[in-house]
Amino acid sequence: MIGIKIMAKTSDKVRKVLVILTNRFQRTAKPKWFELECKEDGSIVSEIQRKSQPRKAIYDEVWENDDGKTEIDSCNRMSRKYSHALQKPEA
Numbered sequence: 191m192i193g194i195k196i197m198a199k200t201s202d203k204v205r206k207v208l209v210i211l212t213n214r215f216q217r218t219a220k221p222k223w224f225e226l227e228c229k230e231d232g233s234i235v236s237e238i239q240r241k242s243q244p245r246k247a248i249y250d251e252v253w254e255n256d257d258g259k260t261e262i263d264s265c266n267r268m269s270r271k272y273s274h275a276l277q278k279p280e281a
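According to the working numbering, the sequence shown is numbered sequentially starting from 191.
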């Protein structure tokens with residue numbers, strides 16, 4: 191019974207976040223899609239760049255930057271997109 195409580199404390203819930211990098215100044219440029227896995231405290235566990243737009247709504251959050259940046263590290267602001275088509279529906 192004690193071991194179960196310790197396991198519950200050490201296991202962190204991981205959420206999937208989709209980050210979309212677009213360029214509002216040049217609309218013909220292709221957007222970049224990044225899939226992040228984050229812990230509850232906001233630390234990033236893994237980062238994967240996707241080659242194309244995801245087809246299924248499997249993400250807990252969707253964020254977008256439209257400054258024309260090419261990497262997440264160079265972004266200084268992002269906005270969250272609520273009720274996005276790729277955000278999974280609430281249960």
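Where is the CB? At the ideal position from N, CA and C, for every residue including glycine.
Quick caveat, the model's predicted, so the values are computed rather than measured.
When we look at the beta-carbon of residue i and count the other beta-carbons within 10 Å, is it buried (16 or more) or exposed?
i       : result
Lys-195 : Summary for Lys-195: the model assigns pLDDT 46, below 50, so the residue's position carries little reliability; its value from the coordinates is reported in the next sentence. So Lys-195 counts as exposed.
Ser-235 : Correcting the residue identity first, residue 235 is Val in this sequence and not Ser. Exposed is the call here.
Tyr-249 : buried
Determine the closest residue to residue i out of the options, with distance taken between C-alpha atoms.
i       : options                               : result
Val-207 : Asn-266, Arg-240, Gly-258 and Thr-260 : Arg-240
Gly-232 : Arg-205, Val-252 and Ile-248          : Arg-205
Pro-244 : Thr-218, Lys-222 and Pro-279          : Lys-222
Lys-259 : Ala-219, Lys-203 and Leu-226          : Ala-219
Gln-216 : Asp-256, Val-252 and Lys-229          : Asp-256
Val-212 : Ser-273, Arg-267 and Lys-229          : According to the sequence as given, residue 212 is Thr; it is not Val. Among Ser-273, Arg-267 and Lys-229, the Cα nearest to that of Thr-212 belongs to Arg-267.
Leu-226 : Ser-242, Val-252 and Lys-271          : Val-252
Ser-242 : Lys-203, Arg-214, Val-209 and Arg-270 : Val-209
Quick check for students: name the residue ranges of the beta strand (DSSP E) that lie wholly in the region 203 to 260, counting only runs of 3 or more. 205 to 211, 222 to 228, 234 to 240 and 251 to 255
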